[in-house]
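Under numbering that gives the first Met the number 0, the first residue of the sequence shown is numbered 0, with each subsequent residue one higher.
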Amino acid sequence: MNFVKSTSAILGAALLSGLSGAALASEEKQAKKLCKHKIQDVYDARKFRDTWVEQVGNHKFKVHGKAVVEDYWYPYHCKVKNGSVKSYSYEGPSRHHSGSKNDDDDLGAAIAVGAGLAILAAAASQSGDNDHGGGSQLDVKKSVLEDDCHDILQYRIRDEHDRSARVKMKDSTVKGRDLKGEAKVKYDHGHPHHVAYTCHFDKHGHIKDSSYHLY
Numbered sequence: 000m001n002f003v004k005s006t007s008a009i010l011g012a013a014l015l016s017g018l019s020g021a022a023l024a025s026e027e028k029q030a031k032k033l034c035k036h037k038i039q040d041v042y043d044a045r046k047f048r049d050t051w052v053e054q055v056g057n058h059k060f061k062v063h064g065k066a067v068v069e070d071y072w073y074p075y076h077c078k079v080k081n082g083s084v085k086s087y088s089y090e091g092p093s094r095h096h097s098g099s100k101n102d103d104d105d106l107g108a109a110i111a112v113g114a115g116l117a118i119l120a121a122a123a124s125q126s127g128d129n130d131h132g133g134g135s136q137l138d139v140k141k142s143v144l145e146d147d148c149h150d151i152l153q154y155r156i157r158d159e160h161d162r163s164a165r166v167k168m169k170d171s172t173v174k175g176r177d178l179k180g181e182a183k184v185k186y187d188h189g190h191p192h193h194v195a196y197t198c199h200f201d202k203h204g205h206i207k208d209s210s211y212h213l214y
């Protein structure tokens with residue numbers, strides 16, 4: 000009897016592990032597919048190669064690869080979270096611009112911030128809630144709030160200051176529906192900055208607005 004129970008437990012654990020692995024593989028496949036579709040739609044790329052996926056959080060993935068345009072291969076990247084493309088970039092020419100470095104940077108920044116602001120606007124419209132910092136404490140993990148705040152903060156700084164900006168979150172606190180804290184911003188060229196930020200969320204934990212100060 001003990002043997003039967005042990006065997007059943009082992010088989011159950013193995014089955015659960017198998018299902019978990021299958022679910023992860025399915026998510027990775029979906030992330031790859033969503034990223035390719037986004038790069039294809041925006042930049043008119045038709046062929047892809049060397050695509051790979053890394054899991055960077057809960058239901059959160061980064062997708063990397065190369066896309067061909069005019070017989071040349073160019074790197075592309077996406078960030079996919081909860082089955083949705085949150086940001087994307089492409090380092091080559093497309094039907095939308097000439098392919099010069101400055102044009103690429105400007106377009107990439109516009110697209111990145113556009114995606115971020117679209118998410119922001121959608122969340123705000125869904126919430127119907129306009130207060131900042133009011134209301135009860137959010138029933139959402141702090142790490143989830145930090146992740147969403149990081150995304151919109153990086154979109155804004157890239158659009159408003161430097162396309163190469165990379166934000167690394169440091170200390171943060173949650174008060175009501177506000178997440179406040181400090182972060183460090185690094186660039187490909189130039190000295191890094193520190194930033195004080197505030198991200199405002201609605202009662203559902205969806206980000207509504209943000210503000211920051213570089214110093």
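Every residue gets a Cβ at the ideal spot worked out from N, C-alpha and C, and that includes glycine.
For H149, there is no enclosing beta strand (DSSP E); the enclosing alpha helix (DSSP H) has its first and last residue at K141 to E159.
Q54: member of the beta strand (DSSP E) spanning K46 to G56, first to last residue.
Remark: C-beta atoms of I156 and Y214 do not approach each other more closely than 9 Å.
V62 is a Cβ neighbour of A30, given a cutoff of 9 Å. When rounded, the separation of the alpha-carbon atoms in R48 and G64 is 6 Å. About 5 Å separates the beta carbon of V84 from that of K37, a gap short enough to meet the 8 Å contact definition. Secondary structure at A164: coil, using DSSP grouped into helix, strand and coil. Excluding its 5 nearest sequence neighbours in each direction, R165 has C-beta neighbours in its own chain below 6 Å: K185, listed in chain order.
Between A66 and Y42, the C-beta gap is smaller than 9 Å, which places the two residues in contact.
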